[in-house]
């Protein structure tokens, strides 16, 4: 079994959970989603802890996937040390996509087109594309599934839904998160 950099996973999960919780606040502010029993800033008490657990799980699954994939899929650069500059750039782009989902969700079809097409453009200019697309698809499917479960159990409600209580654009948001996850792993977990 892989030796995990627990401190790095913790720091990545903490930074990501703080960022996602703030961005989720914009979703609440713009009525993109709502919580039936809000506690603070109209968010449920469990928002930050669930983001922290989600990002911890993503980090561990990222590490496990690297070792489970065949050698024909390149992952060398995706597990090399990363820079703070690249992490900040990836986080800013992710936050921009998140904020666009908050302020542009009145036209969910256009938002979906923008998110999925810009993901493809970003993927084209990226490295180790097969690995990244695998991560992005896993994040999109798992993220939408768990968000849908939360909605099914009436813990959160999206203004607009397309599939399993979720809007289609949500998958695109998660796919853009793959870039931020990879740069976060490279900076927090793989830096020596």
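Numbering (UniProt numbering), first residue to last: 1 to 192.
Here a beta-carbon is modelled for each residue, glycine too, at the ideal position from N, C-alpha and C.
A quick note: this is a predicted structure, and the numbers were derived from the prediction, not measured.
Cβ pair residue i, residue j closer than 9 angstroms
i: residue 188; j: residue 87; result: yes
i: residue 78; j: residue 182; result: yes
i: residue 56; j: residue 13; result: yes
i: residue 185; j: residue 136; result: no
i: residue 143; j: residue 44; result: no
i: residue 25; j: residue 37; result: no
i: residue 148; j: residue 163; result: yes
Residues near residue i by beta carbon distance below 7 angstroms, same chain, minus five either side
i: residue 84; result: 187
For residue i, the residue or residues it bridges with in DSSP
i: residue 34; result: 157
i: residue 163; result: 166
i: residue 40; result: 43
Contact set for residue i: own chain, Cβ-Cβ below 6 angstroms, skip 5 residues either direction
i: residue 34; result: 157
i: residue 62; result: 185
i: residue 27; result: 33 and 102
Three-state secondary structure assigned by DSSP to residue i
i: residue 5; result: coil
i: residue 147; result: helix
i: residue 188; result: helix
i: residue 126; result: coil
8 angstroms CB neighbourhood of residue i in its chain, flanking five on each side removed
i: residue 11; result: 188
i: residue 69; result: 75, 131 and 134
Subject >> Secondary structure, alpha helix (DSSP H): runs of 4+ residues fully inside the segment 47-109 >> reply: Counting only runs of 4 or more residues that sit fully inside the segment 47-109, the alpha helix (DSSP H) segments are 47-68 and 84-103, in chain order.
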